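Chemist: Under my numbering, the sequence shown has 111 at position 97, and the numbering climbs by one with no breaks.
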Amino acid sequence: MGCGAVVGGRSIEGIDLTKEAVIQGTVTRGGEPVGSAYVRLLDATGEFTAEVPTDDAGQFRFFAGEGRWTLRTLAPKADPRDDAVTAQRGSVAEVDVLI
């Protein structure tokens with residue numbers, strides 16, 4: 015499963031969803047975005063695949079292969095958090111991470 019990742023946002027303008035499986039979301043604490051977090055993409059076996067920082071709005075995005083993934087969120091003053099997500103070509107998997 016290959017993956018290329020970029021710092022993301024919510025807009026999917028310009029993304030051809032017929033060719034991409036997108037995982038994106040926002041990291042928040044107490045209702046406020048966390049811009050200093052890192053989100054890791056782990057494959058079904060728990061192996062590290064990619065990592066992106068959240069932007070100032072707490073947003074992140076991955077372009078992933080289809081299948082089950084784990085998002086591991088690392089943020090200052092918070093325990094690591096794992097969230098399961100399924101990516102499918104042609105759709106956007108939205109994940110809101112509350113730390």
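All residues carry an ideal CB built from backbone N, CA and C; glycine is no exception. Fair warning: this is a prediction, and the values are worked out from it, not measured in the lab.
1. What residue range is occupied by the uninterrupted beta strand (DSSP E) comprising Asp97?
2. In terms of residues, what are the limits of the beta strand (DSSP E) holding Ile37?
3. Reducing DSSP to helix, strand and coil, say where Val48 ends up.
4. For Ala78, which residues in the same chain have their Cβ closer than 6 Å to its Cβ, ignoring the five residues on either side in sequence?
5. Quick check on Gly72: does DSSP put it in helix, strand or coil?
Modeler: In short:
1. 95-101
2. 35-43
3. coil
4. Cys17, Ala35, Ile37, Ala101
5. coil
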